[in-house]
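Please read the structure below before turning to the comments.
Protein chains: 2
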Amino acid sequence: MNFKNELAAWSKLVDDALDRYLPKADEYPTTIHEAMRYSIFAGGKRLRPVLVLASTKAVGGSVEKALPVACALELIHTYSLIHDDLPAMDNDDFRRGRPTNHKVYGEAMAILAGDALLTLAFELIASSAAAFSLDRVNLVTLEIAQASGSRGLIGGQVVDMLSENQAITGDIMEYIHRHKTGALFRAAVRAGAILGGADAEQLTSLTNYSEQMGLAFQIKDDLLDIEGDEAKLGKPVGSDVKNQKSTYPSLYGLEEARRMADKAATDACAELKIFGPEAEFLRSLMHFIINRDH
Amino acid sequence: MNFKNELAAWSKLVDDALDRYLPKADEYPTTIHEAMRYSIFAGGKRLRPVLVLASTKAVGGSVEKALPVACALELIHTYSLIHDDLPAMDNDDFRRGRPTNHKVYGEAMAILAGDALLTLAFELIASSAAAFSLDRVNLVTLEIAQASGSRGLIGGQVVDMLSENQAITGDIMEYIHRHKTGALFRAAVRAGAILGGADAEQLTSLTNYSEQMGLAFQIKDDLLDIEGDEAKLGKPVGSDVKNQKSTYPSLYGLEEARRMADKAATDACAELKIFGPEAEFLRSLMHFIINRDH
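If you read the protein sequences in the order shown, they are chains A and B.
Just so you know, we're using my numbering here: the first sequence kicks off at 7 and counts up by one.
Just so you know, we're using my numbering here: the second sequence kicks off at 7 and counts up by one.
As structure tokens, this is what we get:
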């Protein structure tokens, strides 16, 4: 199966699993369950769950069994988007071309829907206990909780918020990205590896891959805001410049930012040299991320 | 040791543990850690963690080892209060006589502090793995996640919000209480019991105790809003009547509500008949709750 087909197949697997794991929209109290489903099924790329599956496959684990943990990562990612979009935070009315959660369900319900998705993520991880040895599930819980907390994702969001409309250093920009987006990519890859029974060398290689991949992803994001096509992106370009946001291109220049993204992508793939064809998907994914147009 | 002294000793144990488990206020990014600590150390009764400790003691478990899970319950309780107080929800400026989290740190930080406390709760539970067999930790994680999610605490908050300024039936009022406050009491007692190695009979008795105790707690709360002393409560009385809120006294009358509270308290203690002096604290706690003046 080629990369695009496998990516589509895994996204479908994740979507079907999410549909099974989330309370149905008609379960009482219905509004919260509708609100949770609205944002989960809003057309995300499912990058974090796919990373879990690809990483577990690279070490010979079962993709099927890793689905609850893969979906948990998507629940956490989605909760963080719902809360980020709130009027008190980024105050965004649209995401991926659709009204944001609070525009449809109101602020209170959006806050609670986010809370409920975060809580359900940990229930899902714990429910993996039937499929894996408990010590792996325990390690994965710790990994994901740490990556999502005030020393991970939330810490990145805090520093991003406090840095708004300010000139920041490259170090602070890197802190924001490493925490706000990087931490969850890293946790996704490590969770898949741990569930699949990675040895120490494999875990180190995959961790390094995830960090370089996260960096390349972020620089590409910054580049798309300058060079991207609004129609393909589904959002206006140039918002970083307009908001005077520090980005890789603004701090290092366009040429150097492109070079940094390419280098991170190359380094990411170099980390996979201990793997054979079982990691081909992770290699292709890195190319896909660096060449994407949205 | 008499009940009041033991309650004070356990509260102190919980406070000290929370201080160890929470990131220090000067850890970067400091604002979020200050905000988390502000609400955690705002003078709560520590009822939920104490229930974990009392329940584990009743079945012969170690109070010391149960501390991370006990504290996790307090983190979840506190996060739910921070989010409930937000302008989009109950819009409360004060809690326990102090400005609410968002009044001090702003709405965005209050939302993130709540998110971070919820996330840290699951990290803490997972960190118990060194002290207990992993299957107990896994059961406790499931128990607490379910009690906190859209089928528990959050579901109760949703129905409470949607029922505002409406006449509701006794059934709906009961749904709200059983979920919004009852679910976490129940999870606290069951978590303590499971960690302590309760057998099936003990777990059933303690579960029934927690449900009757939660009911008595809620009716007493309603009664205090009518008969309480503002100075001791630290908040104005009569707010339920003013907000036309359905309560046990408003639906069943003052006399009947008092009788229902007493019956629930008596039933709760009757559930403990299979236990000896090791459950004395839980019995005293029930008396304490029903006779409290704040």
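Glycine included, each C-beta is placed from N, C-alpha and C at the ideal position.
Of all residues in the stretch 103-122 of chain A, those with a C-beta nearer than 9 Å to a C-beta of chain B are HIS108, GLY112, GLU113, ALA114, MET115, ALA116, ILE117, LEU118, ALA119, GLY120, ASP121 and ALA122, reading in chain order.
Chain A places a beta carbon closer than 8 Å to that of GLU129 of chain B, counting this residue as a contact. Annotated three-state conformation of PHE100 of chain B is strand, per DSSP. Looking at the DSSP output, PRO93 of chain A shares a beta bridge with no other residue.
In the three-state reduction of the DSSP assignment, PRO74 of chain B falls in the helix class. Considering only A:HIS293, A:SER86 and A:PHE128, the residue with the shortest C-alpha distance to ALA116 of chain A is A:SER86.
If one requires a minimum length of 4 residues, the alpha helix (DSSP H) runs lying completely within the stretch 22-62 of chain B are 36-46, in chain order. Where PHE138 of chain B is concerned, there is no enclosing alpha helix (DSSP H), because DSSP gives it neither an H nor an E. With the criterion set as a beta carbon lying under 9 Å from some beta carbon of chain A, the stretch 241-271 of chain B has no members that meet it. Close CB contacts of GLN208 of chain B within its chain, under the 6 Å cut and outside five residues either way in sequence, are with VAL65 (chain order).
For PRO255 of chain A, the enclosing alpha helix (DSSP H) covers residues 254-258. A distance below 8 Å separates the beta carbons of ALA60 of chain B and GLY198 of chain B.
Excluding five sequence positions before and after ASN171 of chain B, the CB atoms of its chain that fall closer than 8 Å to its own CB belong to ASN249 and GLN250, given in chain order.
Here PRO283 of chain A carries a helix assignment [DSSP, helix/strand/coil].
In this structure, LEU81 of chain A places its C-beta atom within 8 Å of the C-beta atom of ALA127 of chain A.
When beta bridges are read from the DSSP output, PRO105 of chain B appears opposite B:PHE100. The residues LEU24, LEU28, GLU80, LEU81, THR84 and LEU123, in chain order, have a CB closer than 8 Å to that of ILE46 of chain B in the same chain once the five nearest residues on each side in sequence are set aside. By the beta-carbon neighbour count (other beta carbons within 10 angstroms, threshold 16), GLU70 of chain B is exposed. Around the C-beta of THR125 of chain B, 16 or more other C-beta atoms lie within 10 Å, and the residue is accordingly described as buried.
The residue from A:GLY155, A:SER290 and A:ALA263 with its alpha-carbon nearest to that of ALA276 of chain A is A:SER290. In summary, the residues of the stretch 134-162 of chain A whose CB is separated from some CB of chain B by less than 8 Å are ALA135, LEU140, ASP141, VAL143, ASN144, THR147, LEU148, ALA151, GLN152, SER154, GLY155, SER156, ARG157, ILE160 and GLY161, in the order they occur in the chain. As the crow flies, the alpha-carbon of PRO283 of chain B is around 37 Å from that of SER156 of chain B. The closest CA to that of LEU201 of chain A, considering only A:MET42, A:VAL247 and A:LEU148, is found on A:LEU148. Contact between the stretch 264-276 of chain B and the stretch 220-238 of chain B is present: 3 or more CB-CB pairs across the two stretches fall below 8 Å. Within chain A, the residues placing a beta-carbon under 8 Å from that of LEU168 of chain B are PRO35 and THR37, ordered along the chain. In the three-state DSSP reduction, GLU180 of chain B falls in the helix class (H, G or I).
Not a single CB atom of chain A sits nearer than 8 Å to the CB of THR187 of chain B.
In the three-state reduction of the DSSP assignment, GLN163 of chain B falls in the helix class.
Residues of chain A with a Cβ closer than 8 Å to the Cβ of HIS89 of chain B are, in chain order, ILE117, LEU118 and ASP121. A buried status is given to HIS89 of chain B, since no fewer than 16 other beta-carbon atoms sit within 10 Å of its beta-carbon.
When Cβ-Cβ separations below 8 Å define contact, VAL165 of chain B makes contact with chain A. Separation of the CB atoms of SER169 of chain A and ILE182 of chain A is rounded to 7 Å, and the pair is thereby assigned contact status at 8 Å. Shortest Cα-Cα distance from ALA41 of chain B to any of B:ALA132, B:ASP121 and B:VAL56 involves B:ASP121. Listed along chain A are ASP121, LEU124 and THR125, each with a C-beta nearer than 8 Å to that of LEU124 of chain B. Under the Cβ distance rule, PRO29 of chain B counts among the residues neighbouring chain A, one pair being separated by less than 8 Å.
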